[in-house]
Amino acid sequence: MRSKIHQSASFGAVVLLGVAAIWGGTLSFTKDALAHVGVNEFLTLRFVVAALALIPFLPRIRKGSITVANTLQSVLLGAVLYGIFYLQSRGLLTVTTAATGFITGTNVVMVPLITLLLFRTRISLRIWSGIMVAVVGLAFVAGRGLFTPMSGSWLVLMSAFLIAVDIVAVEKIMTSVDAIWLAFIGIASSAALSLGFSFIGNNTGFASFKEVTSLEVVVAVLFNGLLGTAFALWAQNYYQMVVPSAQVAVVFSTEPIFAAGIAWLFFGGVVTGNVVFGGALVLFGVIIADEEAFRYLVSRFLSDKRKSR
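When we follow the working numbering, the leftmost residue of the sequence shown carries the number 290, and every step to the right adds one.
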């Protein structure tokens, strides 16, 4: 009975909603940790913990699924992953957690634009409408930062673009590489890049032992590494097999709401009226632009209307 419950779509949706909440919470923990250590130092610790947590799952990799080609692909995606978290974390230094969450959420409307540029995929009027609504919402969320080159808002927006690139790239190569291997090599590559950049440029080297072992950093590393990366990856891979993809899209679109709510309730984060209004527009635009999520919500609405008659 218990295994059947754990394999049900309803239970899976609840777990994935928990994943969305965890991802939203990682932003607040990251912002707290960055008051004590640099961005690259924090990312190194996060990725190392996540990679170590995935080691027990390596024996489950499909035999014959590891090749030089897909390993190199995983390394390249690891570089993209590093770029995502580096830009987002740098943006968090000057942008509120709530605004960061909503700006990051615009990656959904960037995916069709990337497929248009790379593969000449047609974009419907509905998707264009969703993109425009999300852009208007972005203007409210980012405010003046949108008109300042290389501001925190732009760094987070660039991070969202790389997330969209990662989504498109993973979709194209997932048929040829094991998901666990892809994740492990990608995370390990990100850890190596983070560590390397800790000693390059204006950085003076890795943070001191006292800074690394401060409570805020330890909690953030464990939460982000174990829950936000290792557990979230397992849950996403497992439960997306039993939960309809349209429902998954709707569930994951709640991440910015959790980011804003957790920041406000538990971390004293600032959530302005502009962020709330703009965030609502971003979420509305994301739902419109995501075909599966849009169809799922419309079908549920029509079904409820019929039942009420």
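Every residue gets a Cβ at the ideal spot worked out from N, C-alpha and C, and that includes glycine.
The ligand SAH heavy atoms versus the CB of Gln536: any closer than 7 Å?
-> Among the ligands in the structure shown, none appear at all, so the ligand SAH cannot be discussed.
Look at the Cβ atom of Val304, then the Cβ atom of Gly514, and state whether they are nearer than 8 Å.
-> no
Tell me which same chain residues have a C-beta within less than 6 Å of the C-beta of Ile452, skipping the five on either side of it?
-> Hits under 6 Å: Ile373, Asn396.
Within the same chain, show all residues whose beta-carbon is closer than 6 Å to that of Ile476, passing over the 5 residues directly before and after it, in chain order.
-> Phe336, Ala339, Ala340
Beta-carbon gap between Val564 and Val430 smaller than 8 Å = yes
Close Cβ partners of Ala519 (< 7 Å) along its chain, the five nearest in sequence each way excluded | Ala339, Ala342, Leu343
Would you mind reading off the limits of the alpha helix (DSSP H) that contains Met399?
-> 396–408
Would you call Ala298 buried or exposed, if buried means 16 or more other Cβ atoms sit within 10 Å of its Cβ?
-> exposed
Under 7 Å Cβ to Cβ from Trp312, same chain only, skipping five residues before and after it: list those, please.
-> Gly517, Ala521, Glu544
Quick one: Cα of Pro348 to Cα of Phe541, how far?
-> 29 Å
Where do the N-terminal and C-terminal ends of the alpha helix (DSSP H) with Gln525 fall, by residue?
-> 521–528
Span separating the alpha-carbon of Ala549 from that of Val510 | The straight-line gap separating the alpha-carbon atoms of Ala549 and Val510 is approximately 20 Å.
Compare the beta carbon distance of Ala387 and Gly558 with 8 Å and say whether it is the shorter of the two.
-> yes
What is the DSSP secondary structure of Val540, counted as helix, strand or coil?
-> helix
Would you say Gln529 and Ser448 are within 8 Å of each other, going by their C-beta atoms?
-> no
Enclosing alpha helix (DSSP H) for Lys320 [first to last residue] = 298–322
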